[in-house]
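Heads up: take any position in the sequence shown, counting from 1, add 988, and you land on the working numbering.
For each residue, glycine too, the CB sits at the ideal point set by N, CA and C.
Structure first, then comments.
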Amino acid sequence: MNNDSNDRKGKNARSNFIRAIIEKDLADGKNNKNVHTRFPPEPNGYLHIGHAKSICLNFGLAKDYGGKCNLRFDDTNPSKEEQEYVDSIKEDVHWLGYDWEDREFYASDYFERLYSLAEKLVELGKAYVCDLSAEQIREYRGTLKEPGRESPYRNRSIEENLDLFRRMRAGEFPDGSKVLRAKIDMASGNLNMRDPVIYRIMRKSHHRTKDDWCIYPMYDFAHCVSDSIEGITHSLCTLEFEDHRPLYDWFLEQLDVHHPQQIEFARLNLSYTVLSKRKLLTLVEEGFVQGWNDPRMPTISGLRKRGYPPWSIRNFCDRIGVAKADSVVDVALLEHAVRESLNKVAQRVMVVMDPLKVVVENYPKEKEEELEAINNPEDPEIGTRKVPFCREIYIERSDFLEDPPSKFFRLSPGKEVRLRYAYYITCTGVKKDDSGRIIEITCRYDPESRGGTTPDKRKVKGTLHWVSAKHSVPLTAMLYDRLFTVPSPEKENSDFRNFINPESLRVNNKCMAEPFVKNTAPGTFLQFERVGYFFADPDNYSHEKPIFNRTVTLRDTWARISGRGK
Ligand code: ATP
Ligand code: MG
989 MNNDSNDRKG
999 KNARSNFIRA
1009 IIEKDLADGK
1019 NNKNVHTRFP
1029 PEPNGYLHIG
1039 HAKSICLNFG
1049 LAKDYGGKCN
1059 LRFDDTNPSK
1069 EEQEYVDSIK
1079 EDVHWLGYDW
1089 EDREFYASDY
1099 FERLYSLAEK
1109 LVELGKAYVC
1119 DLSAEQIREY
1129 RGTLKEPGRE
1139 SPYRNRSIEE
1149 NLDLFRRMRA
1159 GEFPDGSKVL
1169 RAKIDMASGN
1179 LNMRDPVIYR
1189 IMRKSHHRTK
1199 DDWCIYPMYD
1209 FAHCVSDSIE
1219 GITHSLCTLE
1229 FEDHRPLYDW
1239 FLEQLDVHHP
1249 QQIEFARLNL
1259 SYTVLSKRKL
1269 LTLVEEGFVQ
1279 GWNDPRMPTI
1289 SGLRKRGYPP
1299 WSIRNFCDRI
1309 GVAKADSVVD
1319 VALLEHAVRE
1329 SLNKVAQRVM
1339 VVMDPLKVVV
1349 ENYPKEKEEE
1359 LEAINNPEDP
1369 EIGTRKVPFC
1379 REIYIERSDF
1389 LEDPPSKFFR
1399 LSPGKEVRLR
1409 YAYYITCTGV
1419 KKDDSGRIIE
1429 ITCRYDPESR
1439 GGTTPDKRKV
1449 KGTLHWVSAK
1459 HSVPLTAMLY
1469 DRLFTVPSPE
1479 KENSDFRNFI
1489 NPESLRVNNK
1499 CMAEPFVKNT
1509 APGTFLQFER
1519 VGYFFADPDN
1529 YSHEKPIFNR
1539 TVTLRDTWAR
1549 ISGRGK
């Protein structure tokens, strides 16, 4: 299933400052009129909705301007990286609908090249081996108000530096005893330019290069060189790298190699959500959720399992656009995008979440009939289905009140309502158990109202969903809700774990569904009428006992606040 007409509105609808830069470059004939971007995840966690913004941006620009986008694993830090993350990242990018073709790259594939470019910096007198400890380097670095101090090792000769750097590589020195640093300016107003570290000694096995290396390049050096090697034209990154841009440019200028343009954009922040990989890892490791792909996680695999279709995420990324200033996007907008995307494709079914039995007294005991129900009012082409009706049915317990307030338009004694696609019924009695709990209600139906209208066209205000007691099938609903109870769990003056919503998952195995649901294929999106959108999670689906994840309820708070509601 796809819905591209819906999210590819043409590039004009999504113009932004990055498109303006690219269009100017194309008009000026820069980069031989090529557009080449990359998505550079570090394989130290699963991708989340923030990464989706970057993926849609990088792959989307390449697509719209006839260019290319690489997938590059920024795997320069062996201590936190794993193959499992590499595999999940590939799966998620593909699932989102993007393809890197044969351009799957790894910064670690460039280790040899990075090393020789570092030697080149040494030969140019632009890098030196420094014996200060990490702590001393921090001390010497100075502050925003005070300039830094030069390292006593700063003026080693080129020969000595080259010799020491080669011996660093050869494994002659212990971890942490020496680093290679760029020789820039200890008095620079930009702390990143105060002789940043380029290489460190670290005896850690790498998930790809194993034990080939005991020195590893730092991000700032590896990133710009990797971009350059791949012929990237526009290197898009989030705003926190703005202060690193002078360093990005400095390395490439010294090395005199292809020089992509770094452009920063605002990262996605979402209310009621944490997006820091470290915090997401904490949620997984401490068992607050059942894994990286738990449907409450903002990870792409979690959203997939929750029932968000890929085009709903692309729609969302389109809508939020790309800006230069940080902001927090209301998670209600994401939920709105998923409702909007599912509304058009989700088959409607009737499922009663909290069944209350209704006996239709004047309906013949043995009689059964099939009524016609519309599969999706938004898509007449997918037609209708038959729903069985008989003397005993279930309605939602919350749709009946014995003593209702004046604005209650659902069922109560003496009141008439419409059963969707079936008949008008009027409540004639209530049965209770010894404790006073209502266990059954009785009604009379109007045989003239078949299909939901009467010849005299009398009006009823309420329309209820229902299922036949005899034909319905039991179903388990996983009722997922937001994982956090406060809008900014990361900004509160307390640990984000204190704001986990204890009701973020409720399991309801009392649900009764119309028989159609039995034949649902795993991976199907359904709308349970009046209840919400649900997803047949392929990981634990069986036709005998269907389990559905609640993707989102039907209550659209975004439509309400933005005035777009009906
Ligand atoms: P960290 O570097 O702390 O591990 P990260 O979130 O930056 O975490 P990366 O794997 O480095 O993770 O991110 C890959 C790409 O996705 C980067 O280009 C980064 O800028 C982008 N990205 C990450 N988080 C967001 C976000 N919330 N919004 C937009 N882009 C993001
Ligand atoms: Mg990063």
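For residue i, three-class secondary structure by DSSP
i	result
P1433	Checking the sequence, you will find Tyr at residue 1433 rather than Pro. Note: Y1433 maps to strand in three-state DSSP.
Y1412	strand
G1520	strand
Q1124	helix
M1156	helix
Y1053	coil
S1315	strand
A1509	coil
R1169	strand
T1197	coil
H1036	strand
S1492	coil
Y1468	strand
L1235	helix
H1024	strand
L1271	helix
V1213	helix
Option nearest residue i by Cα separation, candidates the options
i	options	result
A1325	S1300, D1013, E1366, P1365	S1300
G1219	S1193, D1199, T1226, Q1250	Q1250
E1354	K1332, E1380, N1019	E1380
S1563	I1217, I1203, S1400, F1377	Coverage of the chain is limited to positions 989 through 1554, which leaves residue 1563 absent and any answer about it impossible.
K1012	Y1053, F1027, E1241	Y1053
P1297	R1026, R1266, G1085, Y1073	G1085
V1505	V1023, P1162, V1340	V1340
T1226	T1512, G1038, R1284	G1038
V1333	D1367, D1306, E1127, D1314	D1367
T1473	A1122, F1484, N1364, W1280	F1484
S1067	Y1468, H1195, V1245	H1195
T1430	I1383, Y1468, P1462	I1383
L1168	P1365, D1200, A1115, E1079	A1115
K1571	N1257, M1500, K1419	Given that the chain is displayed from residue 989 to residue 1554, the structure contains no residue 1571 and the question cannot be resolved.
R1406	S1423, D1434, I1426, V1418	D1434
L1321	F1304, T1287, D1469, N1507	F1304
R1137	R1144, S1003, E1127	E1127
M1174	N1507, D1151, R1142	R1142
E1148	F1487, K1267, V1117	V1117
P1352	K1403, F1377, P1162, S1329	F1377
Beta-carbon gap between residue i and residue j smaller than 8 Å
i	j	result
F1397	K1449	yes
F1253	L1235	no
L1514	Q1335	yes
G1295	N1537	yes
W1088	C1044	no
I1189	I1203	yes
E1358	K1374	yes
E1480	M1338	no
V1023	A1050	yes
Y963	E1360	Since the first and last residues shown for the chain are 989 and 1554, residue 963 lies out of range.
V1347	E1428	yes
D1282	G1275	no
P1503	Y1529	no
H1232	P1248	no
D1306	H1211	no
P1534	L1467	no
F1153	E1107	yes
I1217	P1205	no
D1525	K1293	yes
Residues bridged to residue i [DSSP beta-bridge criterion]
i	result
K1374	E1360
E1384	P1343
I1203	I1189
K1420	I1426
I1251	L1224
C1499	L1463
E1404	T1414
V1310	DSSP, once it has assigned bridges, lists no residue as partnering V1310.
K1287	Note on residue identity: the sequence assigns Thr, not Lys, to residue 1287. BP columns for T1287 point to H1036.
S1456	I1381
L1322	Bridge partners of L1322: none, in fact.
I1146	None, per the DSSP bridge assignment.
I1535	T1464
Short CB-CB distance (under 8 Å) between residue i and chain C
i	result
P1376	Protein chain content of the structure displayed is limited to a single chain, and chain C is not contained in it.
In chain order, each alpha helix (DSSP H) run of at least 4 residues that lies wholly inside the region 1057-1130: 1071-1084, 1099-1111, 1122-1128
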